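Here the first sequence is numbered in this note's numbering, starting from 189 and rising by one per residue. Just below is one structure, and these are the notes that go with it.
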Amino acid sequence: MIDLNFIRENPEKIQKSSKDKGVDIDVNHILEIDKKHRELSLNVQKLREERNMLVSAIKGKPTSEQIEKGKELKAKLEKEENSLSAVWDELKTWLLKIPNPPKSDVKVGKDESENEIIKKVGTPKKFSFTPKDHLELGESLDIIDVKRAAKVSGSRFGYLKNEGALLEFALKQFAFEVLIKEGFIPVIPPVLIKKEIMDGLGYTQMGEEENIFSLDKDNLYLVGTSEQSIVPMFKDEFFKKEELPKRFVGFSTCFRREAGSYGKDTRGIFRVHQFDKVEMVSFVAENEDDKEHEYLLSLEEKLLKALEISYQVVRICTGDLGFNAARKYDIEVWIPSQNKYREITSASTTTDFQSRRLNIKYQDGNEKKYVNILNGTAFSMNRPIIAILENYQQKDGSVIIPKILQKYLHFEKITSKK
RNA sequence: GGAGGGGUCGCAUAGUGGCCGAGUGCGUACGCUUGGAAAGCGUAUAUGCCGCAAGGUAUCGCGGGUUCGAAUCCCGCCCCCUCCGCCA
């Protein structure tokens, strides 16, 4: 949520930044409603004052005159309060629709085609043979099974088996060790959250609701990332300034409906309805988020460098930025079978956008300020596994385990069982 | 799922229609006291909104209702605890 005062003072900025994100908002209309709301609010306050004065003048038994007066005030108040709350609802609805403005270093662009590649690391792996894709490898090594998953759960699900399952644990263990060393607090959060929490996070505003699994009978949502249940842990709470930055590393299963991606990445387990993910979440003081954003990105790079796979860092342009984020970096890894870089992690700063909605503050001297909240992927489980399979495949169809993960496993190589 | 108890200002508690935005204790801050500290004493100590300010207004889990007037009475919902049942 955007600070109403900021909108009053900078209507044209909000108008522009929303437009840059591809969100159509009529800021002047919002300001008109705001004006109406303020007038009504003043009326209501005065009527209440009158009512309170009358009431405090009554000691013991009221006279019939006083009762008449009270009834009259009550009727007036009820009317005014009704219009006030109607106008407030309208105002709030609009306010919640305004996206977080992008930071000044974010390129204005229409869609993902205008994202900026800001860094390339390593060189794309070359093979003396035609590399297989992850599904072909996964099936011949008997570590990925999407056929049976389709039978049991439908499309976009998969079984990870044998070394594939163990590989996930190794990745998780490695990420946790690195991040715990950095002072992150490990946490395994719930994956079902209430609707009001999902709204507060700003995930239901730009049509994303389509992408969220819900349990309507119980009025619960399944998280698409553990950030969604880690951030709201602190709803309506205050941090002490010394407690910041506060950093969490979470592990959870993530659920995505992937509506609107029909026909896209349908092969294998690149884009699935359910996957596990190690996620970083930071709470920092105001104006510290830029520094923290770079830090989270550097940790993501550290993890990928350890896997020794070529990647590039992309700064997402305004049109491709989500509702919440003021800036987002994606890291894309080299996928040999597709001959291109594909998204593997993502780090965003939401500035004070989520903390306003969720009322998460910190005490700075006598002042209470909104914290800045950031999130970033350490490892999702399916995509790093895909990257490892494809980049570490050998001519004979076997796959070498990256050195850094070998200490978590009892094998150095996955070979065909057929 | 069944039965009962409960959600009040950082924490713990008091408060069954007006004297309650709310007492007390703990905690915290400042001051006095002290060689220094502890103890003791004094003062202060929720948040949002409107206002230059004085002040006003709202908030006692959430939402509705009764009343001239609700933390307090009524209704619905949420959450927590205890016991029973079921169960990883």
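Virtual Cβ for every residue (Gly too), placed ideally from N, Cα, C. These figures come from a predicted structure and were not determined experimentally.
Given a cut-off of 8 Å, decide if Thr-565 and Glu-446 are closer than it, judged by their beta-carbon atoms.
No, Cβ-Cβ distance for Glu-446 and Thr-565 is not below 8 Å.
Buried or exposed for Ala-245, going by 16 or more other Cβ atoms inside 10 Å?
Classification for Ala-245: exposed.
If you drop the 5 nearest sequence neighbours on each side, which residues of the same chain put their C-beta closer than 8 Å to that of Tyr-580?
Within the same chain, Tyr-580 has close Cβ partners Val-587, Ile-588, Ile-589, Pro-590.
At what residue ranges does the segment 352 to 379 contain a whole run of the beta strand (DSSP E), taking only runs of 3 or more?
Qualifying beta strand (DSSP E) stretches, in chain order: 373 to 375.
Suppose only complete runs of 3+ residues qualify. What are the beta strand (DSSP E) ranges in the segment 429 to 474, listed by chain order?
You should have 434 to 443, 462 to 472.
Take Ile-305 and list the residues in its own chain whose beta-carbon comes closer than 7 Å to its own, dropping the five residues that flank it on each side.
Same-chain partners within the cutoff: Gln-500, Val-502.
Going by the DSSP bridge assignment, what does Gly-510 pair with across the sheet?
Paired residue(s): none; Gly-510 is not in a bridge.
According to DSSP, Lys-423 sits in a beta bridge with which residue or residues?
In DSSP, Lys-423 forms no bridge with anything.
How would you label Pro-287, buried or exposed, when you count the other beta carbons within 10 angstroms and need 16 or more for buried?
The residue in question, Pro-287, is buried, as its Cβ has 16 or more Cβ neighbours within 10 Å.
Based on the DSSP output, what are the partners of Ala-535 in its beta bridges?
According to DSSP, which records beta bridges pairwise, Ala-535 is partnered with Tyr-517, Gly-564.
If I measure Cβ to Cβ from Asp-330 and keep anything under 7 Å in the same chain, skipping five residues before and after, which residues do I get?
Excluding positions up to five away in sequence, the list reads Lys-349, Asn-350, Lys-605.
Return yes when the Cβ of Gln-551 is within less than 8 Å of the Cβ of Lys-434, no when it is not.
Not a contact, by the Cβ cut-off of 8 Å.
Between which two residues does the beta strand (DSSP E) harbouring Asp-552 extend?
Looking at the DSSP string, the run of the beta strand (DSSP E) that includes Asp-552 is 549 to 552.
Under three-state DSSP, which class holds Arg-344?
Here Arg-344 sits in coil by DSSP.
Would you call Gln-582 buried or exposed, if buried means 16 or more other Cβ atoms sit within 10 Å of its Cβ?
By the 10 Å Cβ count, Gln-582 comes out exposed.
Quick one: give me the first and last residue of the beta strand (DSSP E) that Val-501 is part of.
Where Val-501 is concerned, the enclosing beta strand (DSSP E) stretches over 499 to 503.
DSSP has Val-587 in a bridge; who is on the other side?
Answer by DSSP bridge pairing, in chain order: Gln-581, Ile-602.
Which word fits Pro-374, buried or exposed, when buried means at least 16 other C-beta atoms lie within 10 angstroms of its C-beta?
Answer is exposed; the Cβ neighbour count stays below 16.
In or out: Met-241 buried (at least 16 other Cβ within 10 Å) or exposed?
With fewer than 16 Cβ atoms within 10 Å of its Cβ, Met-241 is classed as exposed.
If you run the structure through DSSP and keep just helix, strand and coil, what is Tyr-596?
Three-state DSSP puts Tyr-596 in coil, outside helix and strand.
Should Tyr-450 be labelled buried (16 or more other beta-carbon atoms within 10 Å of its own) or exposed?
Exposed, by the Cβ-count rule.
For the segment 566 to 578 and the segment 460 to 472, state whether three or more C-beta atom pairs, one from each stretch, are separated by less than 8 Å.
With the cut-off at 8 Å, the segment 566 to 578 and the segment 460 to 472 touch.
Consult DSSP for Ser-271 and reduce its assignment to one of helix, strand or coil.
Three-state DSSP puts Ser-271 in a helix.
Specify, as a first and last residue, the run of the beta strand (DSSP E) that Asn-307 falls within.
The sequence given here places Lys at residue 307; Asn does not occur at that position. Residues 304 to 309.
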